[in-house]
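J.:
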Amino acid sequence: MRVALVSMYTTHHEETGATRRTRRTAELLSDRGHEVVVLCSQWWDGEVPEFEHQNVTYRRVTESPSVGAFASKVPFVLRDVAPDVIQVASYPPSHVSAVKTAARFLRTPVVADWWNRDDRGGNRAYRRAAKSPDAVVVPSEMIRTQVRELGASADATRLVPEPLNMGLVRDAPVKEVADVVYARDLDEHANVESFLLALAELRDKDWNAVVIGDGPERGTAEQTARDLRIDDRVEFLGELPAEKAVPIMKGAHVFAQTATVEPFATNLLWALACGCVCIVEYQARSSAHELVEGRERGSLVTNPQELADEIVAARRFDHETVDDDFSHYDFRTVVDQFEDVYQTEIDDYGFF
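Heads up: the sequence shown runs through residues 1 to 352, numbered per UniProt numbering.
(1) Are the region 305–314 and the region 339–348 in contact at 8 Å, needing three or more beta carbon pairs?
(2) Would you tell me roughly how many angstroms separate the C-alpha atoms of residue 154 and residue 180, rounded to the nearest one?
(3) Give the straight-line distance between the Cα atoms of residue 64 and residue 73, rounded to the nearest whole angstrom.
(4) For residue 6 and residue 40, what's the separation of their Cα atoms in angstroms?
(5) So what's residue 251 in DSSP terms, helix, strand or just coil?
(6) Taking the alpha helix (DSSP H) that residue 287 belongs to, which residues open and close that run?
(7) Roughly how many angstroms separate the alpha carbons of residue 281 and residue 303, rounded to a whole number?
(8) Measuring alpha carbon to alpha carbon, tell me which residue in 130, 159, 166, 142 is nearest residue 150.
(9) Could you give the residue range of the beta strand (DSSP E) that holds residue 51?
(10) What's the gap between the Cα of residue 324 and the Cα of residue 330?
(11) Rounded to the nearest angstrom, what separates residue 102 and residue 285 at their Cα positions?
(12) I want to know whether the region 256–276 touches the region 166–175 - three or more CB-CB distances under 8 Å.
(13) Quick one: Cα of residue 33 to Cα of residue 145, how far?
(14) Consult DSSP for residue 146 and reduce its assignment to one of helix, strand or coil.
(15) State the Cα-Cα distance for the pair residue 351 and residue 135, rounded to the nearest angstrom.
(16) Check the C-beta distance from residue 112 over to residue 75 and give it rounded, since I have them as a contact under 8 Å.
(17) Taking residue 163 as the reference, which of 51, 278, 265, 293 has the closest Cα?
(18) Is it right to say residue 59 is buried, meaning 16 or more other beta carbons lie within 10 angstroms of its own, or is it exposed?
(19) In the region 52–138, which residue ranges form an unbroken beta strand (DSSP E) of at least 3 residues, counting only runs that do not cross its ends?
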């Protein structure tokens with residue numbers, strides 16, 4: 001299958017949940033044997049129009065990110081690529097409509113990959129973007145609701161979550177670094193302060209904790225730990241690859257999720273698969289609660305005091321290092337789901 005992934009931004013331009021999802025999808029499809037072309041603004045040096053990276057071909061649409069120029073040029077690049085199916089990122093939303101218009105002439109189905117509504121997009125453009133594609137892929141029920149509120153039909157939305165590597169989870173060693181773990185990009189939505197406040201309530205208990213992740217709010221978080229006088233028991237490890245983070249999660253007993261915005265709580269998923277007792281602070285713009293609702297080794301809280309209480313209560317559970325209940329999130333299964341969406345749309349398109 002020849003798949004075109006359309007995204008003006010890539011992880012080489014900006015590291016976001018949306019760009020990481022596009023990269024992962026492209027690489028998973030390529031590993032499965034599909035011919036994958038990412039149509040994007042140029043991020044590599046030189047005058048060559050294409051660049052191969054991790055067995056994925058990146059094709060230049062514009063030399064630099066420009067919403068209007070990209071939308072006007074992408075139809076011509078799609079014509080040259082001649083894909084069997086097109087997947088387009090939901091931001092910028094005007095690109096979804098531009099791709100759909102071009103796809104009508106190419107007689108090619110369009111799947112929008114909707115990570116989250118970006119504040120940089122307009123309401124009217126997002127409504128058009130939700131209605132125009134043949135299918136909309138979403139990572140969580142929360143995002144499915146968001147897309148349907150913008151006008152997408154129930155039949156058009158397909159849930160395809162973020163993947164993990166269960167083989168890595170099973171094979172990784174156990175590294176006893178901390179009792180409690182927090183892991184996420186430390187940006188304006190991280191809300192790591194809530195996690196630190198909960199730990200401060202437990203000064204008289206025996207525990208140590210780590211924060212995995214980096215970002216613009218790391219300095220503020222480290223200062224908060226010092227202000228709360230728990231910096232000698234909380235270690236900030238920075239960004240770690242899965243190969244290093246998984247052993248730490250397997251060695252920990254509790255994982256805390258407090259972020260205020262989370263289209264899909266990927267780090268929480270890894271922690272659940274690693275057997276952690278997972279505590280989620282409910283947030284209106286986070287889907288994290290979807291992963292723990294109804295699970296014995298998971299709980300929901302609404303404030304730091306409740307989080308602290310649940311960290312203590314987690315001692316009633318035995319320590320575990322692998323939870324096979326999350327095997328259906330393995331990357332092999334997730335790429336199957338993407339393939340099913342594509343093939344369904346290709347088959348249906350033949351009737352029009």
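Glycine residues also receive a C-beta, built at the ideal position from the N, C-alpha and C atoms.
T.: Taking the structure as given:
(1) When C-beta atoms of the region 305–314 are compared with those of the region 339–348, fewer than three pairs fall below 8 Å, so the two segments do not count as touching.
(2) Within the sequence shown, the letter at position 154 stands for residue 154. Within the sequence shown, the letter at position 180 stands for residue 180. Their backbone Cα atoms lie some 39 Å apart in a straight line.
(3) The count along the sequence shown starts at 1 and reaches residue 64 at position 64. The count along the sequence shown starts at 1 and reaches residue 73 at position 73. Roughly 12 Å between the two C-alpha positions.
(4) Residue 6 sits at position 6 when you count from the first residue of the sequence shown. Residue 40 sits at position 40 when you count from the first residue of the sequence shown. Each residue's Cα considered, the two are about 6 Å apart.
(5) Against the sequence shown, residue 251 aligns to sequence position 251. In the structure shown, residue 251 adopts helical secondary structure according to DSSP, grouped into three states.
(6) As a working mapping, residue 287 is identified with position 287 in the sequence shown. Per DSSP, residue 287 belongs to no alpha helix (DSSP H) and is neither H nor E.
(7) On the sequence shown, residue 281 is found 281 positions in, with the first residue counted as 1. On the sequence shown, residue 303 is found 303 positions in, with the first residue counted as 1. Taking the straight line from one Cα to the other gives about 7 Å.
(8) Here residue 150 refers to the residue found at position 150 of the sequence shown. The alpha carbon of residue 150 has as its nearest neighbour, out of 130, 159, 166, 142, the alpha carbon of 130.
(9) Looking up residue 51 in the sequence shown gives position 51. Per DSSP, residue 51 belongs to the beta strand (DSSP E) from 50–53.
(10) The residue labelled residue 324 in the question sits at position 324 within the sequence shown. The residue labelled residue 330 in the question sits at position 330 within the sequence shown. If you take the alpha carbons of residue 324 and residue 330, they lie about 10 Å apart.
(11) As a working mapping, residue 102 is identified with position 102 in the sequence shown. As a working mapping, residue 285 is identified with position 285 in the sequence shown. For residue 102 and residue 285, the distance between alpha carbons rounds to 33 Å.
(12) The count of Cβ pairs closer than 8 Å, one atom from the region 256–276 and one from the region 166–175, reaches three, so the stretches are in contact.
(13) The sequence position of residue 33 within the sequence shown is 33, counting from 1. The sequence position of residue 145 within the sequence shown is 145, counting from 1. Looking at the two C-alpha atoms, the distance is approximately 33 Å.
(14) As a working mapping, residue 146 is identified with position 146 in the sequence shown. Reduced to three states, the DSSP call for residue 146 is helix.
(15) Locating residue 351 in the sequence shown gives position 351, counting from the first residue. Locating residue 135 in the sequence shown gives position 135, counting from the first residue. In this prediction, residue 351 has a pLDDT of 44, which is less than 50 and means its spatial position is unreliable; nothing more can be read from the coordinates.
(16) The count along the sequence shown starts at 1 and reaches residue 112 at position 112. The count along the sequence shown starts at 1 and reaches residue 75 at position 75. Actually they are not in contact, since the Cβ atoms of residue 112 and residue 75 sit about 16 Å apart, beyond 8 Å.
(17) Mapped onto the sequence shown, residue 163 falls at position 163. Answer by Cα proximity: 265.
(18) Working through the sequence shown from its first residue, we reach residue 59 at position 59. Under this definition residue 59 is a buried residue.
(19) As summarised for the region 52–138, the continuous beta strand (DSSP E) elements at least 3 residues long and confined to that stretch are 56–62, 85–89, 110–113, 135–138, given in chain order.
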